[in-house]
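Numbering (UniProt numbering), first residue to last: 1 to 153. Below is one structure, written out as structure tokens; comments come after it.
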């Protein structure tokens with residue numbers, strides 16, 4: 001593979017000197033992260049992912065059951081409860097709350113609340129856009145298999 005000092009993108013547009021700049025940034029970042037050359041090398045396409053995600057991805061043509069199964073494989077979480085989004089249209093506040101049977105009432109004891117379990121039907125509704133759910137990733141043993149971050153303002 002020939003290395004030039006010019007980066008060309010698929011549309012034919014070229015960026016003189018950009019390749020050298022990107023390589024220098026890569027070296028600087030590897031030093032900052034204290035990565036060895038081996039650690040900084042790109043992963044092979046057949047290498048397992050960091051998360052150990054299943055290798056056979058689900059596609060748009062996959063069945064609902066396959067999509068739900070894939071969701072549960074990717075997002076290991078508590079199944080005894082899940083969260084629902086709420087919005088107060090009067091004052092504009094919004095947030096998340098545990099899903100329960102019936103409705104939350106003022107003064108209701110959380111310990112006695114009839115929490116709804118996370119079931120394949122709930123996940124299917126979420127994947128179809130019929131429900132907006134949240135997950136509780138911390139297990140009863142205080143372990144977690146994943147983390148998500150939202151950096152929006």
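Don't be surprised by glycine CBs; every beta carbon is placed ideally from N, CA and C.
Per the coordinates, the alpha-carbon of residue 136 lies some 11 Å from the alpha-carbon of residue 142. For residue 68, the number of other beta carbons within 10 angstroms of its own is at least 16, and it is reported as buried. In the structure shown, residue 73 falls within a helical segment according to DSSP collapsed to helix, strand and coil. Distances from the alpha-carbon of residue 84 to those of 147, 152, 130 and 34 put 130 closest. Comparing C-alpha distances from residue 140 to each of 65, 80 and 71 shows the shortest one belongs to 80.
Under the three-state reduction of DSSP, residue 121 is assigned to helix.
The continuous stretches of alpha helix (DSSP H) do not include residue 42, and DSSP gives it neither H nor E.
Per the coordinates, the alpha-carbon of residue 146 lies some 9 Å from the alpha-carbon of residue 74.
A Cβ-Cβ separation of about 5 Å places residue 113 in contact with residue 100 under the 8 Å criterion.
When the beta-carbon positions are compared, residue 122 and residue 82 come within less than 8 Å of each other.
With respect to residue 127, residue 72 sits apart: the two C-beta atoms are not nearer than 8 Å. Rounded to whole angstroms, the separation of the alpha carbons of residue 109 and residue 86 is 19 Å.
Residue 18: not part of any beta strand (DSSP E); member of the alpha helix (DSSP H) spanning 18 to 32, first to last residue. When only Cα atoms are considered, residue 88 and residue 95 end up about 9 Å apart.
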